[in-house]
Amino acid sequence: MRCIFSYSFLSFLARPVINLFMVFELFVVLVAVNFSLAQYNSRTMLYDPVRPYLERQGFMLIPSAPLRGDSASMTVNDLLKDADILSVKNYHSGDYTVTVLPDDVFDSLRLPVDDGRIFDRSADSRNMRVIVTRNGQGIGVGNTLELENGITLECTAVLTDPTYLMHISYSSEMSFEEMYRSIDSKYYGQSLFCYTSESELRRSDVPKETVTEEMYRIVSFRQELSENEYTGIQKSLQEQGYALIPNSEIVKNSEKILSDSFRSFIPAVIAFGVVVLTGIISCSFVSARSMLKKLAVFYCCGATKTKCVLISVGQNVIITLSAALASDAAIVIIGVSGIGNKFGFVLRSSNILISAAVVLGCLLVSAIAPAVLISRANPRELLTDTANG
Amino acid sequence: MKMSLFRYVRLNIRTMICDHTFIFIMLILSATVTSLCLFFSYGIIQKVQDDNSELGDEMYFYRYDLPRTPNIRECIKRLKDDAGDVIWAYNVTVTVKDENGAEQHAEVLIDSPNNTLDMSGVYLHESMDHLMHDEKIALNGNVLPVIKTYNSYEMAGDMCIPEQFLTDDMLGIQLSFYVDPEPTAKLADRLNRAVAETFGGTSSYTPTPVELLKKQENNTFYAYAFMTVMIAVLNLSMYFRYIVEIRKKQIKIFRTCGAAAEEINTLFLIENLTELVIGYLTAFLLFRFVLFDRLLDYYPSFKYYYSAKQYIMTFAIFAVGSLLTLMLLISPCIRRSAEAGERSVE
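This is the structure in structure tokens:
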């Protein structure tokens with residue numbers, strides 16, 4: 074076995090140009106496939122935190138007129154007592170804006186972090202912990218921010234730049250995309266945006282009245298209501314001056330955005346795949362052809378055809394593994410250096426699976442041509458043939 | 041001389057087909073795929089450029105906590121004077137009082153040269169029946185004409201008031217606007233100053249780069265288009281190298297028979313270019329008559345990008361690019377083989 078591997082390695086070194094070319098092609102394939110998937114992930118990353126709310130019966134609550142008095146507000150609260158409400162709260166202090174998310178949303182919002190770690194809610198802390206966007210004030214991990222009212226914020230992580238801030242806005246085709254806005258430090262000067270969770274806010278001394286709740290909210294009933302009950306609640310809310318968008322419609326629009334984003338890449342991925350496949354098949358063919366004479370010598374010295382195929386496959390394994398290692402390194406560099414943010418580069422476990430599938434596929438494809446050539450070749454003829462110089 | 045050159049080209053191609061069928065097929069296939077990639081990448085780049093120009097290098101300023109600002113009309117006028125050269129769209133929300141004294145939110149329709157909306161009345165969404173009285177509406181004590189609409193959401197909100205109907209007792213509560221040029225920190229500062237001076241208040245207006253997701257997607261498309269063409273060109277160059285390699289003996293024979301290195305070079309260049317043109321024409325037919333309609337399902341804007349001029353331009357790029365690649369890759373190999381042939385003759 075070791076002998077086969079040594080011969081494979083030697084044959085890899087014997088034709089460096091063509092083999093490095095194959096390594097390069099595979100490297101580009103792996104990086105490109107991960108890019109496409111990372112692009113898709115960057116959308117699901119935003120959709121996942123709000124998905125549990127949207128997938129249950131409910132609606133988005135749009136106040137088209139201010140509520141009339143406390144009694145109206147109480148009626149609304151009473152109507153929605155069996156519902157979970159996704160609402161974003163904000164606390165402003167000078168150049169600082171603290172966005173407060175419900176605990177479950179905060180936990181599932183996995184925005185890429187540039188530095189530090191998103192804090193563990195269960196761990197104790199003296200100060201209110203926040204994660205911050207990249208900012209012109211140079212505030213980073215471990216820094217504390219003194220706000221009005223003597224409140225101290227402790228920064229545990231810095232998000233990548235640009236990033237997203239949860240902010241539910243309204244659009245006629247409402248989807249998860251309208252629940253975020255982009256934050257890019259180069260446009261914000263001294264402004265600093267922070268995220269924290271509701272439980273963290275509750276533990277702090279921030280006065281309740283200084284925290285404002287955003288206008289639009291997502292209502293999600295814990296249990297499925299009967300048609301009559303549901304319609305009754307909707308009607309009462311509309312009478313209170315609310316417009317409603319059913320969650321099902323938001324889910325439909327969100328799914329459409331996800332599938333459109335995936336769909337728009339299909340032709341590009343196919344075109345790319347065809348180019349690369351053509352290259353890999355032909356390279357492995359050319360490589361195997363040029364190896365044939367050497368293999369014929371091995372055959373005459375007693376190696377079986379299977380061993381000859383294994384030597385050729387071994388060479389392809391070296392090529393594929395080199396490409397996989399190089400692409401892993403490139404992906405890590407892209408992720409760490411921040412270049413990935415320009416492309417919405419979000420890595421998940423699906424990236425590992427798809428990379429493994431591509432590597433296996435490439436091994437299979439690149440093994441076919443040599444196997445066919447070797448099984449059909451006549452070693453004696455190969456050694457006596459001088460037609461090709 | 042020319043006749044014999046073309047005869048040799050024909051003969052060489054025939055030899056390639058007979059002796060190296062697989063390589064010949066793969067070469068044509070590779071040339072076809074490269075040309076298809078060129079067509080496709082051209083369309084993708086056009087699409088991305090269009091998308092980016094639609095997004096505009098714009099930023100969206102907003103402020104939801106605008107202090108209740110009176111004289112909103114004056115404020116808008118002042119903002120127009122201060123920064124109207126860069127702001128191309130405003131979105132101002134004011135509070136108005138209906139005939140019962142209840143507060144409502146209304147969007148302000150700001151007149152601009154691009155505005156095609158009828159500015160003679162207040163726009164009301166159909167659902168706001170309770171505010172309508174015989175096609176008139178009383179707002180802050182003034183009776184105004186109503187324009188009913190099913191899609192006031194498309195404009196701004198449930199109620200939209202043309203700028204001319206604004207009165208001093210309508211309070212501004214929310215402001216957002218788009219700016220056209222490339223956003224910079226300097227521009228942001230200028231706008232912040234203009235807004236602060238106009239509306240008052242201390243907190244800065246936060247610019248929002250529009251549609252980060254779309255921009256990231258477009259960047260990925262760019263990267264794809266570039267990588268596809270690059271790999272396709274590399275594939276082709278690999279073939280050319282291999283073809284020269286498997287025909288070293290033939291080059292030596294030509295040299296031995298007295299052909300100059302330049303002549304052999306020209307012969308191979310013409311032969312390979314002919315094969316590339318066959319590949320290009322195959323790709324053109326495939327793209328125009330088989331793939332194009334399918335691509336329109338994915339990218340409808342493609343139908344605007346491909347005219348005869350564009351195909352000719354793509355061909356020119358393909359031909360010049362191929363010629364350069366061939367000259368860079370093949371010529372040195374041929375020269376080396378020819379020199380080797382010369383030495384063996386000596």
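Protein chains in written order, with the working numbering: chain A, 74 to 462; chain B, 41 to 386.
Cβ coordinates follow ideal geometry from the N, Cα and C atoms, glycine included.
For residue i: DSSP bridge partner residues
| i | result |
| --- | --- |
| C228(A) | V203(A) |
| H145(B) | T135(B) |
| P185(B) | K176(B) |
| C267(A) | V171(A), V205(A) |
| R290(A) | L134(A) |
| T236(A) | I256(A) |
| D188(A) | V231(A) |
| E282(A) | Answer is none; E282(A) lacks a bridge partner. |
| P202(B) | L149(B) |
CB contact check: residue i to chain A, cutoff 8 Å
| i | result |
| --- | --- |
| T296(B) | no |
| Y279(B) | yes |
| Y282(B) | yes |
| C77(B) | yes |
| A146(B) | no |
| E311(B) | no |
| Y351(B) | no |
| V73(B) | yes |
| M66(B) | yes |
| E139(B) | no |
| S341(B) | no |
| Y338(B) | yes |
| M267(B) | yes |
| E257(B) | yes |
| I370(B) | no |
| S70(B) | yes |
| Y345(B) | no |
| T260(B) | yes |
| L274(B) | yes |
Residue-chain proximity (residue i, chain B), Cβ-Cβ < 8 Å
| i | result |
| --- | --- |
| R116(A) | yes |
| I412(A) | no |
| A341(A) | yes |
| V405(A) | no |
| C356(A) | yes |
| T313(A) | Here the sequence assigns Gln to residue 313(A), which means Thr is not the residue at that position. Q313(A) does not count as touching chain B. |
| S385(A) | no |
| E322(A) | no |
| E250(A) | yes |
Under 8 Å between C-beta atoms of residue i and residue j
| i | j | result |
| --- | --- | --- |
| V432(A) | A397(A) | yes |
| Y268(A) | P136(A) | no |
| L174(A) | V186(A) | no |
| I201(B) | L149(B) | yes |
| L394(A) | I384(A) | no |
| S334(A) | K378(A) | no |
| V382(A) | A444(A) | yes |
| I370(B) | F308(B) | yes |
| D188(A) | G213(A) | yes |
| T172(A) | F266(A) | yes |
Any non-hydrogen atom of the ligand FMN within 7 Å of residue i CB
| i | result |
| --- | --- |
| G434(A) | Of ligands this structure carries none, so the ligand FMN is not represented either. |
Per-residue burial, residue i [other beta carbons within 10 Å of its own, 16 or more giving buried]
| i | result |
| --- | --- |
| P89(A) | exposed |
| I352(B) | exposed |
| E147(B) | buried |
| E98(B) | Note that E98(B) has pLDDT 47, beneath the 50 cutoff, so the model's placement of it is unreliable and the number below is only indicative. E98(B) should be labelled buried. |
| K255(B) | buried |
| E194(B) | At E194(B) the pLDDT is 46, less than 50, meaning the model places this residue with poor confidence; the figure from the coordinates comes in the next sentence. Classification of E194(B): exposed, given that the 10 Å Cβ count is below 16. |
| L164(B) | buried |
| E128(A) | exposed |
| Q388(A) | buried |
| M367(B) | exposed |
| Q89(B) | exposed |
| G305(A) | exposed |
| V419(A) | buried |
| T242(B) | Only weak support exists for where T242(B) lies, its pLDDT of 45 falling under 50; the value from the coordinates is given anyway. Flag for T242(B) reads exposed. |
| K87(B) | buried |
| I63(B) | buried |
Please go through the segment 150–182 of chain A and give each complete alpha helix (DSSP H) segment of 4 or more residues, from N-terminal end onward. Under the rule that a run must span 4 or more residues, the alpha helix (DSSP H) segments found entirely inside the segment 150–182 of chain A read 176–181.
Taking the runs of the beta strand (DSSP E) that are 3 residues or longer, which of them lie wholly in the segment 74–137 of chain A? You should have 131–136.
In chain order, each alpha helix (DSSP H) run of at least 4 residues that lies wholly inside the segment 247–285 of chain B: The qualifying runs do not exist here; there are none.
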